[in-house]
Amino acid sequence: MFSTTFLLKKSSLHIIFILVLFSVLASCTVERKLANDFIYIKDSLSVLIIPPDQIFKTNVKTWEIEGFDEMEAWEQESKLFDSSLFIKDVNDSIFFERYFNSLQAGLWEFGLNVFYEDQIIDFMAVNTPAYQVAVAQLEIEEDIFPYRAEEVFDDTVAYYEDFYLNNVNINNWYEITKLNDPLAVNNLLYASHFVMDALEGRFVNNVFTGEVKFKYDLTPMDVDQIYQLAEILGEKYAGYIFDYMLNEYVYRNIGNGIRPKSYFHYDKQTKALYPAGDDRFIFMEN
């Protein structure tokens, strides 16, 4: 009697497992089919890019300003900007040009039709699916990155060397809206990437004296690397934009009102779909 009951339970669990697995596989198949449907129509899509009015430049190294807490807010901001190593020398025009030229080129590579605000009349005349891509805010943030190089010798003694590396983040907030769609949701999206001093080194143990030293090469970052990062991010975020539109298409057409757990990335080189992981926009609270 015991063995019969056990076998029945085991059989039931096996059936449930198969049903759940089938449901998951079916769901993934539907999502992938919808994603491929979007890729099929991508050459008919148009986007209107709206750049921000300005770049916010922030120096967060408040500890470097003597008497900072006693200052008025305007004086704090002025002192931080004047004492910055990089943001005060960033030319907005150069940054914008390299960022948005790269963004536009990246979107072209996906087959999208790209417009700017001075082409609004042409944009409004398109009769295919269209999106507004607004860069709601751009921020260049100067900071310090604490880094510790550490190594253990003879399984007992730990040696370390501390560094404070210059670090500049480019923070981006996007709003992407499908036009002429009463059900469109204006999600606020975020991405951030950085450039910093380059440090390469290793601990060297002198076997004769027992002395341990950290030998390293430190290459300080400069403003031109910020412009280079802006260009890299323009192309990268073109991919983020396309992936967002693709995944919103899947979400809107899946039919159950539940956002899929999988978030696809489309590789334009291999023309393949695979999980984006963390390499994507972050959804922010509006």
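In this text, residue positions in the sequence shown follow the working numbering: the first is 8, and each later residue adds one.
From the three backbone atoms N, C-alpha and C, an ideal C-beta is built for every residue, glycine too.
Tell me whether residue 202 is buried or exposed, calling it buried when 16 or more other Cβ atoms sit within 10 Å of its Cβ.
Position 195 of the sequence shown, counting from 1, holds the residue named residue 202. With 16 or more other Cβ atoms within 10 Å, it is buried.
To the nearest whole angstrom, what separates the beta carbons of residue 151 and residue 175, a pair I think is in contact under 8 Å?
As a working mapping, residue 151 is identified with position 144 in the sequence shown. As a working mapping, residue 175 is identified with position 168 in the sequence shown. Actually they do not touch by this definition, with Cβ atoms about 10 Å apart.
Would the beta-carbon of residue 271 fall within 7 Å of that of residue 42?
For the purposes of this step, residue 271 is taken as the residue at position 264 of the sequence shown. For the purposes of this step, residue 42 is taken as the residue at position 35 of the sequence shown. Yes, the Cβ-Cβ distance between residue 271 and residue 42 is below 7 Å.
Residue range of the beta strand (DSSP E) that residue 221 falls in?
What you label residue 221 is simply residue 214 of the sequence shown in a count that begins at 1. That run of the beta strand (DSSP E) goes 219-226.
Counterpart residues of residue 132 in DSSP-defined beta bridges:
If you number the sequence shown from 1, residue 132 lands on position 125. Paired residue(s): none; residue 132 is not in a bridge.
For a quick check, are the C-beta atoms of residue 86 and residue 72 less than 7 Å apart?
For the purposes of this step, residue 86 is taken as residue 79 along the sequence shown, with counting starting at 1. For the purposes of this step, residue 72 is taken as residue 65 along the sequence shown, with counting starting at 1. Yes.
Assuming residue 254 is part of the alpha helix (DSSP H), what are its boundary residues?
Residue mapping note: residue 254 aligns to position 247 of the sequence shown, counting from 1. In this chain, the alpha helix (DSSP H) harbouring residue 254 covers 230-261.
Are the beta-carbon atoms belonging to residue 206 and residue 225 less than 7 Å from one another?
Along the sequence shown, one-based indexing puts residue 206 at 199. Along the sequence shown, one-based indexing puts residue 225 at 218. Yes, these two residues count as a Cβ contact at 7 Å.
Looking at residue 155: is its Cβ nearer than 7 Å to the Cβ of residue 171?
What you label residue 155 is simply residue 148 of the sequence shown in a count that begins at 1. What you label residue 171 is simply residue 164 of the sequence shown in a count that begins at 1. Not in contact: residue 155 and residue 171 (Cβ atoms no closer than 7 Å).
Ignoring anything shorter than 3 residues, give me the beta strand (DSSP E) runs that lie fully in the stretch 141-173, in order along the chain.
Qualifying beta strand (DSSP E) stretches: none in this window.
Under 8 Å Cβ to Cβ from residue 69, same chain only, skipping five residues before and after it: list those, please.
Stepping through the sequence shown from its first residue, residue 69 is reached at position 62. Hits under 8 Å: 75, 83 and 87.
Run of the beta strand (DSSP E) containing residue 279, from where it starts to where it stops
The count along the sequence shown starts at 1 and reaches residue 279 at position 272. Unbroken beta strand (DSSP E) run through residue 279: 279-282.
For residue 38 and residue 267, believed in contact at Cβ under 8 Å, the rounded distance
Here residue 267 refers to the residue found at position 260 of the sequence shown. Here residue 38 refers to the residue found at position 31 of the sequence shown. Right, the Cβ-Cβ distance comes to about 5 Å (below 8 Å), so this counts as a contact.
Through-space distance from residue 239 to residue 91, alpha-carbon basis
Sequence index remark: in the sequence shown, residue 91 carries index 84 (1-based). Sequence index remark: in the sequence shown, residue 239 carries index 232 (1-based). Pairing residue 91 with residue 239, the inter-Cα distance amounts to about 23 Å.
As assigned by DSSP and simplified to three states, the class of residue 90
Along the sequence shown, one-based indexing puts residue 90 at 83. In the structure shown, residue 90 sits in coil (DSSP, three-state: anything other than H, G, I, E or B).
Residues bridged to residue 37 [DSSP beta-bridge criterion]:
Taking the first residue of the sequence shown as position 1, residue 37 is located at position 30. DSSP lists no partner for residue 37.
Span of the alpha helix (DSSP H) around residue 116:
The sequence position of residue 116 within the sequence shown is 109, counting from 1. Its alpha helix (DSSP H) spans residues 99-116.
If you follow the beta strand (DSSP E) that residue 66 is part of, which residue opens it and which one closes it?
By one-based count along the sequence shown, residue 66 stands at place 59. That run of the beta strand (DSSP E) goes 62-66.
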